[in-house]
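1 is the number of the first residue of the sequence shown in full-length UniProt numbering; add one for each residue after it.
C-beta: ideal position from N, C-alpha, C; glycine also.
Being a predicted model, the structure only gives us computed values, none of them experimental.
The structure appears right after this line, and notes come after that.
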Amino acid sequence: MGVISKTFGVVFSLLFEQEIMSYVPASCGTSAAPSPAASPAAARSTRAPAPQRRDFEAKLRAFYRKLESKGYGQGPGKLKLHIRREHLLEDAFRRIMSCSKKELQKGKLCVIWDGEEGLDYGGPSREFFFLLSRELFNPYYGLFEYSANDTYTVHVSPMSAFVDNHHEWFRFSGRVLGLALVHGYLLEAWFTRALYRALLRLAPALEDVDALDAQFAASLRWLQSARCVSSLELTFAVSERLADGRVLERDLKPGGRDIPVTEKNKKEYLERLVRWRVERGVAEQSEWLVRGFHEVVDPRLVGAFDARELELVIAGAPELDVSDWRANTDTAAATTTRTLSSCGSGRPSTDLQMSNAFD
1 MGVISKTFGV VFSLLFEQEI MSYVPASCGT SAAPSPAASP AAARSTRAPA
51 PQRRDFEAKL RAFYRKLESK GYGQGPGKLK LHIRREHLLE DAFRRIMSCS
101 KKELQKGKLC VIWDGEEGLD YGGPSREFFF LLSRELFNPY YGLFEYSAND
151 TYTVHVSPMS AFVDNHHEWF RFSGRVLGLA LVHGYLLEAW FTRALYRALL
201 RLAPALEDVD ALDAQFAASL RWLQSARCVS SLELTFAVSE RLADGRVLER
251 DLKPGGRDIP VTEKNKKEYL ERLVRWRVER GVAEQSEWLV RGFHEVVDPR
301 LVGAFDAREL ELVIAGAPEL DVSDWRANTD TAAATTTRTL SSCGSGRPST
351 DLQMSNAFD
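Written out as structure tokens, the structure reads:
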């Protein structure tokens, strides 16, 4: 079995399997009969229907087979990352940004922690991506900020434009996402869905605006269902407040301020308004991130995934209903159940997602 084939097994088992627990649908009562396992890293409060799971598994398997056939992560050269723990971000940036596209795609990953030399059978690399993603995507550093809906999903911050060398930092971020995907490691970071659409070169959707501005998203939905939109005297232009306080009228299309919105062109208007809101202040930064990602992964290879599926492969899923998980979980050891349940009640779901990351 090739390296990439093994990687598929690791990723899929991390997303959908656990050695101890198996999910029991509510309709099955308390039957002890085993059911397909579901990892908290992939579970929301309800499981995906079996056909969707099978379809995703097929896509995931095909993706890693394609990577293997094209020599991704196969060597013969090694992508050696010699990292000092106290300078994790600095060392990772310097080493990864010094690599050529060929090295990033073909090199066999080998992470060496300074002073802890040894063979990398996955543990050092897994820890590397875990710790790096917690630091790199932390809003404290100014590149990303929390979404409007929660304090665990993040998106590109408009204020990142004031970070020194921010173009290269976003390019580096994209490369990290790509390397984690190729080598099969989940990141300890959850992004808004718009970022995954950007990686896939898909247009942003109205639901993406919810993570940025719920009130604005509600206004768009009202407009979507409104009749006689022409009476609102809207045009294909928006007023945008700049960082220095100035207000700029920006056209959503060439000559937009002179184009009235009608029922006939309302759909286009909403699409352009969604794109403007999602990209406002972050279009350039996002483009550098996408560029870095595609320097590692050919965009044609990830095209089979939709944004939700790509999110699962890169980061798992951020949401887990602990009470539902506890109520619908059959375990091989009752002691383990009590331990996990008592721990889970006081832990954020994001911690539970990664509780099996080092298994």
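Around His167, the same chain offers Trp288 as residues with beta carbons nearer than 6 Å, after the five sequence neighbours per side are excluded.
If only uninterrupted beta strand (DSSP E) runs of at least 3 residues are considered, those enclosed by the stretch 55–87 are 78–83.
In the same chain as Ser239, and ignoring 5 residues on each side of it, the C-beta atoms closer than 7 Å to its own belong to Val247 and Glu249, in chain order. Taking every protein chain shown into account, the CB of Trp190 has 16 or more other CB atoms within 10 angstroms, so this residue is buried.
From the listed residues Arg175, Asp91 and Ser225, the smallest Cα separation to Lys101 is found for Arg175. Rounded to whole angstroms, the gap between the alpha carbons of Thr192 and Pro139 is 14 Å. Spanning the alpha carbons of Asp150 and Pro76 requires a straight line of approximately 43 Å. Secondary structure note for Arg241: its beta strand (DSSP E) is the uninterrupted segment Ala237 to Arg241.
Distance from the CA of Pro158 to the CA of Gly142, rounded to the nearest whole angstrom, comes to 9 Å. Contact annotation: Arg272 and Leu242 have beta-carbon atoms that are not nearer than 9 Å.
Taking all protein chains in view, the Cβ of Asp114 is surrounded by fewer than 16 other Cβ atoms within 10 Å, so the residue is classified as exposed.
By the beta-carbon neighbour count (other beta carbons within 10 angstroms, threshold 16), Ala194 is buried. Here Ala161 is near Glu284, since their CB atoms are less than 9 Å apart.
Note that the C-beta distance between Leu177 and Glu135 is not below 9 Å. Residues of the same chain with a CB within less than 6 Å of the CB of Ser98, apart from the 5 flanking positions on each side, do not exist. The beta carbon of Ala62 sits closer than 8 Å to those of Ala304, all from its chain and outside the five residues before and after it, given in chain order. For Val209, there is no enclosing beta strand (DSSP E); the enclosing alpha helix (DSSP H) covers residues Leu206 to Asp210. By the neighbour-count criterion, in which 16 or more other beta carbons inside 10 Å mark a residue as buried, Ser69 falls on the exposed side.
The DSSP assignment places 153–156 as complete runs of the beta strand (DSSP E) inside the stretch 150–225, in order along the chain (cut-off: 3 residues).
Of the other Cβ atoms in all chains shown, 16 or more fall within 10 Å of the Cβ of Ser147; this residue is therefore buried. Between Val229 and Ala205, the alpha-carbon positions lie close to 21 Å from each other.
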